[in-house]
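Enquirer: Numbering (full-length UniProt numbering), first residue to last: 1 to 233. No residue lacks a Cβ here, since even glycine has one placed at the ideal position from N, Cα and C. Please read these numbers as outputs of a predicted model, since none were measured by experiment.
1) In chain order, what residues of the same chain lie with their CB nearer than 7 Å to the CB of residue 204, ignoring the 5 residues before and after it?
2) Evaluate the contact criterion for the region 150-167 versus the region 76-87: three or more CB pairs, one atom per stretch, below 8 Å.
3) Determine the direct distance from the alpha carbon of residue 21 to that of residue 208, and round the result to whole angstroms.
4) Less than 8 Å between the C-beta atoms of residue 108 and residue 190, yes or no?
5) Between which two residues does the beta strand (DSSP E) holding residue 171 run?
6) Answer yes or no: do residue 169 and residue 137 have a C-beta to C-beta separation smaller than 8 Å?
7) Given this structure, state the Cα-to-Cα distance separating residue 192 from residue 230, to the nearest angstrom.
8) May I ask you to report which of helix, strand or coil DSSP gives residue 153?
9) Evaluate residue 242 with the Cβ neighbour count: other Cβ atoms within 10 Å of its Cβ, from every protein chain shown; 16 or more gives buried, anything less gives exposed.
10) According to DSSP, simplified to helix, strand and coil, what is residue 221?
11) If the criterion is Cβ atoms closer than 8 Å, does the pair residue 171 and residue 91 meet it?
12) Using alpha carbons as the reference points, say which of 144, 228 and 184 lies closest to residue 174.
13) State buried or exposed for residue 84, treating a residue as buried only when at least 16 other CB atoms are found within 10 Å of its CB.
14) Can you name the start and end residues of the alpha helix (DSSP H) that residue 100 belongs to?
15) For residue 180, collect the residues of the same chain with a Cβ closer than 6 Å to its Cβ; drop the 5 residues on either side in sequence, then sort them by chain order.
16) First and last residue of the beta strand (DSSP E) that includes residue 201?
17) Compute the beta-carbon to beta-carbon distance between residue 72 and residue 49, rounded to the nearest angstrom, for a pair I have assumed lies under 8 Å.
18) At what residues does the beta strand (DSSP E) containing residue 135 begin and finish?
19) Enumerate in chain order the residues of its own chain whose CB-to-CB distance from residue 183 is below 7 Å, with the five nearest sequence positions on each side excluded.
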């Protein structure tokens with residue numbers, strides 16, 4: 001409770017550096033209280049105080065960046081057009097299309113891949129948070145029979161989750177779409193997720209377990225209307 005009050009006060013008084021200094025001072029005082037004098041500080045005591053300050057500074061700088069993202073700046077400098085999604089065959093969920101002025105998240109995955117199975121869970125978490133504003137579809141080169149077999153024979157695989165438990169769309173394709181997206185961005189592995197902006201361009205891409213949630217929020221915050229007017233002017 002005391003530490004929370006100190007952090008809040010620091011937020012009112014200044015930025016990340018001040019917050020780090022205040023928390024580091026608090027750590028130093030507590031260490032002094034238990035040790036008895038600064039002269040009695042060991043190397044570990046000084047290291048503890050320093051680590052507290054560094055940890056708070058790094059965390060607050062990241063949080064500051066998260067909050068203060070400029071909605072007029074794209075996450076990728078180049079607006080690469082997204083490939084059409086009409087060729088997808090849906091295993092479950094509603095069809096997702098370009099050209100409807102919506103943000104779309106496309107995850108390329110394979111049920112045979114452990115990282116992909118973890119990524120599907122993360123995809124669901126972001127869907128739970130942004131599904132009302134973003135269209136989600138997970139795409140695999142496996143056919144529908146293979147996906148049915150996964151439900152039967154994949155139960156012992158690590159991070160197995162029945163596909164029917166996911167509330168986003170899941171679709172299959174021949175491999176042409178995956179190749180188009182991946183090669184265009186120098187990617188050769190799955191899982192990989194792409195965020196398509198309202199202008200039907202790739203706004204961000206990366207590993208689902210990295211900055212996907214943050215990138216989704218920033219894609220929604222971006223002023224596509226302003227960018228379109230500026231381009232037309």
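Expert: Quick look at the numbers:
1) 75, 76, 195, 215 and 219
2) no
3) 34 Å
4) yes
5) 169-172
6) yes
7) 31 Å
8) helix
9) This structure cannot speak to residue 242, because the chain is shown only from 1 to 233.
10) helix
11) yes
12) 144
13) exposed
14) Premise fails: residue 100 is in no alpha helix (DSSP H) and is neither H nor E.
15) 83
16) 201-206
17) With a Cβ gap of about 40 Å, residue 72 and residue 49 do not count as contacting.
18) 134-140
19) none
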